[in-house]
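If you're matching positions, the sequence shown starts at 59 in our numbering and goes up one per residue.
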Amino acid sequence: MASARGKVIFFGEHAVVYGHPALAGAISRQVAITVAESTEGEGVRLDIPCWEVRAAAGDGSAVGGALAAMTAAAGITAPVHLLGEADLPAAVGLGSSAALSVAVARALLPDAGGAAIEDVAMAGERAFHDNPSGIDVVMAARGGLGLFRRGAGLAAVDAPPVRLCIALSGESRQTAKMVAAVRARREAMPQKIDGELLTLGELAAAGAKACARGDVAAVGEMMDRAHAGLCAIGVSTDTLDALVTLARDAGALGAKLTGGGGGGAVIALAPGREDAVLGAWREAGFSAFACEAG
Ligand code: PMV
C-alpha cells in the first residue's frame, strides 16, 4: 500500500502561482492506493469508491488524464489496476489531487526515490490543474510545515504541528478555474491584484516566523488579514465568509479560506476554543473536523 497526505495552506495560496512564498502544512488525512489484480488488455485503471472515482487512463475524465500522464512519466506500459481509499475529502482545497498523484506515483514506482516520485506526481498534477505551483505535490510527498516558493522549492519550517479546525463549505469548485479567474482579474487590474498577491506572500514569510516562535496570536491575526486579501482577489464566497465569521465569533484567534477558494474549506486557529468553533459550524449545518497540520 502507498499513501500520501493532504495539506492546508496557511498563507500564500494564489500568490505562490506568481512566485511569492506560501506556508503550508501536511495534515493527518490521506489517500492510500493498493495495486490490485489486473488482467491483460484492461490498461491502467483507478477506482476510489469513497470519492466515486472510476477512471481509466485517457478516458476523457480528469482522473483518467492524470493517470495517463503519470503512467507515461513513470514508463509503465503493463496493465495496472489501482484501488484507493481516503479519509481526505476530495476537491475542497485540501490538496486531494496532489495526495492522489503522489500516492499513485508511489504505488507505480515502489523503489523510486523522492525526486522521481515528485516528478511523476507533478505530471499528474499538471493534468489536473491549470499551471500548478507544485506546492501541493511537495507537501504531499514530504509532509511537515514548510515555506514553498516556485522554482526554489520547499524550505522546512522548524515548528511543532499546529492544531486547526477545518470546515467544508459544501460548494463545488475547481482549483484550475479559480487559478484561471485570478489570472483574468490580474490581466484586467494588474496593479491592484499584484499588490494583493505581494501582501499575501509577505504574510506567508511573516507567518512562518510567527509559527517558528510559537506566536499563535500573531498567526491568527495574519490569517484574518490573509482572508481579507483573498476576498480582494475574488476567490472567497458568501459561504466561506460566513464560516470565517462563525469561527471568529466562537472565539477563534483567526480564520481564513484555504486552497484555491470558490468554495472548499476554511481553517481556524482556536486553541482552547476548538469545540466551540466546531460546534458553531456544525450547528449551522456544515461538516467540520479538527486536525494537526505540520
Ligand atoms: O485548491 P488547492 O488545494 O489545490 O490549492 C492550490 C493552491 C493554489 O495556490 C490556488 C494553486 C497552486 O497551484 O498553487
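Note that beta-carbon positions come from the ideal geometry of N, C-alpha and C, so glycine has one too.
| Would DSSP call E143 helix, strand or coil? | Within the sequence shown, numbered from 1, the residue matching residue 143 stands at position 85. Residue state, collapsed to three classes: strand.
| query | Do you know how far the Cα of R244 is from the Cα of G192? | reply | Taking the sequence shown and counting its residues from 1, the one referred to as residue 192 is at position 134. Taking the sequence shown and counting its residues from 1, the one referred to as residue 244 is at position 186. Their Cα atoms are separated by approximately 21 Å.
| So what does DSSP say about T135, is it helix, strand or coil? | Walking along the sequence shown from the start, residue 135 turns up at place 77. Three-state result, T135: coil.
| field | Candidates M59, K65, G77, S345, of which the one nearest A198 by Cα | value | Taking the sequence shown and counting its residues from 1, one reaches residue 198 at position 140. Considering only alpha carbons, the answer is K65.
| Taking 6 Å as the line, does the beta carbon of T233 fall inside it for any heavy atom of ligand 1? | Within the sequence shown, the letter at position 175 stands for residue 233. Correct: T233 has its Cβ closer than 6 Å to ligand 1.
| query | Counting Cβ pairs closer than 8 Å, one from the segment 219–228 and one from the segment 93–109, do we hit at least three? | reply | no
| Considering only the beta carbon of each residue, do A326 and A334 sit closer than 7 Å? | One-based indexing of the sequence shown puts residue 326 at position 268. One-based indexing of the sequence shown puts residue 334 at position 276. In this structure, A334 does not lie closer than 7 Å to A326 by Cβ.
| message | As an exercise, report each continuous alpha helix (DSSP H) stretch of at least 4 residues that is fully enclosed by the segment 239–305, in chain order. | response | 248–270, 274–290
| said: One question on the structure: do L258 and A82 come within less than 7 Å of each other, judged by their Cβ atoms? | reply: On the sequence shown, position 200 is the one that residue 258 refers to. On the sequence shown, position 24 is the one that residue 82 refers to. It is not a contact, given that the beta carbons lie outside the stated cut-off.
| task | Tell me, please, which residues DSSP counts as bridged to S230. | result | Working through the sequence shown from its first residue, we reach residue 230 at position 172. According to DSSP, which records beta bridges pairwise, S230 is partnered with nothing at all.
| said: By alpha-carbon positions, which one of P219, R306, G320 ends up nearest to G353? | reply: The question about residue 353 has no answer here: the residues shown for the chain are numbered 59 through 352.
| Would you say R87 and L141 are within 7 Å of each other, going by their C-beta atoms? | Taking the sequence shown and counting its residues from 1, the one referred to as residue 87 is at position 29. Taking the sequence shown and counting its residues from 1, the one referred to as residue 141 is at position 83. Taking 7 Å as the Cβ cut-off, R87 and L141 do not qualify as a contacting pair.
| task | Kindly indicate which residue of A268, A310, T303 has the alpha-carbon position closest to the one of P218. | result | Taking the first residue of the sequence shown as 1, we reach residue 218 at position 160. Residue A268 is the option with its Cα nearest to P218.
| query | Of all the options V237, A290, E279, which has the alpha carbon lying nearest to the alpha carbon of E254? | reply | Within the sequence shown, the letter at position 196 stands for residue 254. Cα-wise, what sits closest to E254 is A290.
| Nearest candidate by alpha-carbon position, reference G272, set D194, A148, V220, T129 | The sequence position of residue 272 within the sequence shown is 214, counting from 1. For the residues D194, A148, V220, T129, the minimum Cα distance to G272 belongs to V220.
| query | Using the rule of at least 16 other Cβ atoms within 10 Å of the residue's Cβ for burial, across every protein chain shown, is D216 buried or exposed? | reply | Taking the sequence shown and counting its residues from 1, the one referred to as residue 216 is at position 158. Counting Cβ neighbours within 10 Å, D216 comes out exposed, since fewer than 16 surround it.
| Roughly how far, in whole angstroms, is the beta-carbon of R63 from the beta-carbon of I85, given that I think they are within contact range, below 8 Å? | If you number the sequence shown from 1, residue 63 lands on position 5. If you number the sequence shown from 1, residue 85 lands on position 27. Confirmed, Cβ separation roughly 6 Å.
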